[in-house]
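In what follows, a structure is listed as structure tokens, so that the remarks can point back to it.
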Amino acid sequence: MGAAAVLLAGAVVVADRGVPRMELDRARALDRAAASPSVAKGSPTPTASPTPSSRSAPPAEDEAGPGTTNPGVAMRVAVRSDGSLEVAEQALFERERATLALAPPDVAGAGSGLDSVVPVVRDLQVVADGRPVEAPDRLRRTVVVDLGGPTRMVELRYVLDGTTRRSLPSDVGRGLGVVAPISTVAMDAEVMLRTGDESVLNLLCPRLARDARVCASGDEGSLELRVLVYAGYAMVAGTLVFWALVWPEGQADQRLRRLLRDGVVVCAVASVLLVLVPWSAHGGGVLQAVPREDGVAVLVRVAVLVGLAGFLSDLAAEPVVGRRRTASLAVVVLLALTLVVQSNAVEGGWLLVKVPVTLGHLLATAGWLGGLVALAVVIIPQENVTVLDEVIPRFSTVAFASVVLLVVTGAVHAVLVTGGVDALVSSSYGLVLVVKVLLFGAMLALGNHGRRYAHDVTFRRLNSPERIALSPGVHALAVVMGAELATAFAVLGMTAVLVLVAPPGA
6 MGAAAVLLAG AVVVADRGVP RMELDRARAL DRAAASPSVA KGSPTPTASP TPSSRSAPPA
66 EDEAGPGTTN PGVAMRVAVR SDGSLEVAEQ ALFERERATL ALAPPDVAGA GSGLDSVVPV
126 VRDLQVVADG RPVEAPDRLR RTVVVDLGGP TRMVELRYVL DGTTRRSLPS DVGRGLGVVA
186 PISTVAMDAE VMLRTGDESV LNLLCPRLAR DARVCASGDE GSLELRVLVY AGYAMVAGTL
246 VFWALVWPEG QADQRLRRLL RDGVVVCAVA SVLLVLVPWS AHGGGVLQAV PREDGVAVLV
306 RVAVLVGLAG FLSDLAAEPV VGRRRTASLA VVVLLALTLV VQSNAVEGGW LLVKVPVTLG
366 HLLATAGWLG GLVALAVVII PQENVTVLDE VIPRFSTVAF ASVVLLVVTG AVHAVLVTGG
426 VDALVSSSYG LVLVVKVLLF GAMLALGNHG RRYAHDVTFR RLNSPERIAL SPGVHALAVV
486 MGAELATAFA VLGMTAVLVL VAPPGA
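Be aware that the sequence shown starts at 6, since it is given in the working numbering, and climbs by one per residue.
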């Protein structure tokens, strides 16, 4: 099944071929009903195409994408005052064809509130390469239309009834609607849906992976927010791992406490905004379609972070050893689980493999990248090299184990998610993964240089402790760690992109 690009109010997002759910405001449609011409009634005999409203006009030729410049389907949808949908659908074929099968839209899987809808297509008109062709006025079952000769492009204009429902509980006039192509060419083609209708408050794609189902224009900032969620998690989990396993005897340290506090704030705020931003931008409708698992994951994550924030002063007062160490590592695992629930690891088969693999990948990320941040915070600013010879070997052990785990889990996860090596290397998902791997390799190279400079600093301290503060090795170590951290942020960005890019076969 091909992926579809959905365009809402000028923003392109990735979506499934069909069944996008729309949050509707009927009051806005009623307000402009008198000024909005509807699709003219069709006829079973060839006629000129009806003049659609500007809100459902066919895509312009200069609008690149499926159905216009590439094989696939382009759709424009507007909401009519009676709750029906005014649709202009344009299909561009890979090869010329003389016939086209049309069928009522397949809206199975639209989700709660739309389970019982029965689509009815009326006022149907068909134009093949500019030629009006004969078609039934109403479409209740699959029919094959003679296109009157070899054809590359077909325009369909129709009214779709029976696919909207009032949303309860809700404000008066608020509802849900579902739409999908009626041209069967869309079964294996990309689809782009456009709407400039202000009564469409939100658009969702239930057939996509859970993390990409919110696909309206209000979700443009989700990539940045996901990066912040991952960055905040790495700061929190990495600091706790560093504090519990690397820092000498888990000693209380104000710098680690401040880093932990900042990570808690970043992760909690970004997690909440990832839900609230599209909700506020589209009238609150997005919350009706947030999967229960996602909602629970966000609530648990925020609750854990709030609880952790309440114990920050306590953590800075005593060493992180014994039960404190166990509790800290348990928090790391619990936070990672909330991210796993929102990942593509819980989609499809092989759950018993993908879930542990993804969990291990997140824990390894925290141990390495988050630990690197903590190491930089406690050593670089004040050139506190007195603990280098004790901290560096411990961190190297954690980092080495994390890198091995990252490589193994990353490879297994990529193959499982895409369905095989062939699908991986031939997909956009695989391309993004290659970029991430290259950045990962750059981090390994920088880490190797960092260990060399750290060894140089330690050696100089043992031989000339009074001059260590002026050693160029310290400054070199700071530069290398800074570059490694910058590359780490890019890796997090690629991770967020991988969440948004649908794997092959998704």
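Ideal Cβ placement from N, Cα and C applies to all residues, glycine included.
| Asked | Found |
| --- | --- |
| Cα separation between P71 and A404? | 45 angstroms |
| Using the three-state DSSP reduction, which class does A83 fall into: helix, strand or coil? | strand |
| Within its chain, find whatever has a CB closer than 8 angstroms to the CB of T189; leave out the 5 residues flanking it on each side and keep chain order. | L105, A106, L107, A108 and T147 |
| Assign G182 to one of two classes, buried (16 or more other C-beta atoms within 10 Å of its C-beta) or exposed (fewer than that). | buried |
| Just verifying my parser: in three-state terms, what is the DSSP assignment at S188? | strand |
| Are the CB atoms of V309 and L340 within a distance shorter than 8 angstroms? | yes |
| Taking the beta carbon of P470 as the centre, do at least 16 other beta carbons fall within 10 Å, making it buried, or is it exposed? | Residue confidence for P470 is low, a pLDDT of 49 falling below 50, so the modelled location carries little weight and cannot support an answer. |
| Would E254 and V326 be called neighbours here (beta carbons separated by less than 8 angstroms)? | yes |
| With a CB to CB cut of under 8 angstroms and the five nearest residues on each side skipped, what residues in its chain are close to E323? | A257 and R329 |
| Can you tell which of V274, T200, L250 and W248 has its C-alpha closest to the C-alpha of Y235? | V274 |
| For T168 and G180, which I take to be in contact (beta-carbon distance under 8 angstroms), what is that distance rounded to the nearest angstrom? | Wrong, their Cβ atoms sit about 10 angstroms apart, outside the cutoff. |
| Suppose you measure from the CA of S121 to the CA of D87; what does that come to, to the nearest Å? | 19 angstroms |
| Would T200 and V82 qualify as a contact pair, given that the criterion is a beta-carbon distance under 8 angstroms? | yes |
| For V325, report the span of its alpha helix (DSSP H) as first-last. | First-last for V325: undefined, no H or E at that position. |
| Here's the rule I'm using: 16 or more other beta-carbon atoms within 10 Å means buried, otherwise exposed. How should Q130 be labelled? | buried |
| Need the endpoints of the alpha helix (DSSP H) that T168 sits in, please. | First-last for T168: undefined, no H or E at that position. |
| Give me the Cα-Cα distance between V408 and L265, rounded to the nearest whole angstrom. | 23 angstroms |
| Are R306 and T363 close, meaning C-beta to C-beta below 8 angstroms? | no |
| Restricting to Cα atoms, I'd like to know which of V382, L165, L152 and K359 is closest to L144. | L165 |
| Check A45 in the structure and name its three-state DSSP category. | Unreliable placement is indicated for A45, whose pLDDT of 33 sits below 50; the coordinate value is still reported in the next sentence. Correct three-state label for A45: coil. |
| Quick check on DSSP: helix, strand or coil for V122? | coil |
| So P137 is in the beta strand (DSSP E); what residue range does that whole segment cover? | R136 to V138 |
| Within 10 Å of its beta-carbon, does T370 have 16 or more other beta-carbons around it, so buried, or fewer, so exposed? | buried |
| Would you give the residue range spanned by the alpha helix (DSSP H) that A369 belongs to? | L356 to T370 |
| Could you have a look at E101 and say whether DSSP puts it in helix, strand or coil? | strand |
| Please name the residue or residues paired with T156 in a DSSP beta bridge. | R102 |
| Going by other Cβ atoms of all chains shown within 10 Å of its Cβ, with 16 needed for buried, is D30 buried or exposed? | Unreliable positioning characterises D30 in this predicted model, as indicated by a pLDDT of 48, which lies under 50. A coordinate reading is not provided. |
| For a quick check, are the C-beta atoms of V382 and G243 less than 8 angstroms apart? | no |
| Here's the rule I'm using: 16 or more other beta-carbon atoms within 10 Å means buried, otherwise exposed. How should G237 be labelled? | buried |
| Do you know how far the Cα of V417 is from the Cα of E91? | 46 angstroms |
| Is the beta carbon of V251 less than 8 angstroms from the beta carbon of V269? | no |
| If you follow the alpha helix (DSSP H) that L320 is part of, which residue opens it and which one closes it? | L317 to L320 |
| What do you get for A302, buried or exposed, if any count of 16 or more other CB atoms within 10 angstroms of its CB means buried? | buried |
| Helix, strand or coil for A249 per DSSP? | helix |
| Determine the contact status of R100 and T156, defining contact as a CB-CB distance below 8 angstroms. | no |
| Please classify V346: is it buried, with 16 or more other beta-carbons within 10 angstroms of its beta-carbon, or exposed? | buried |
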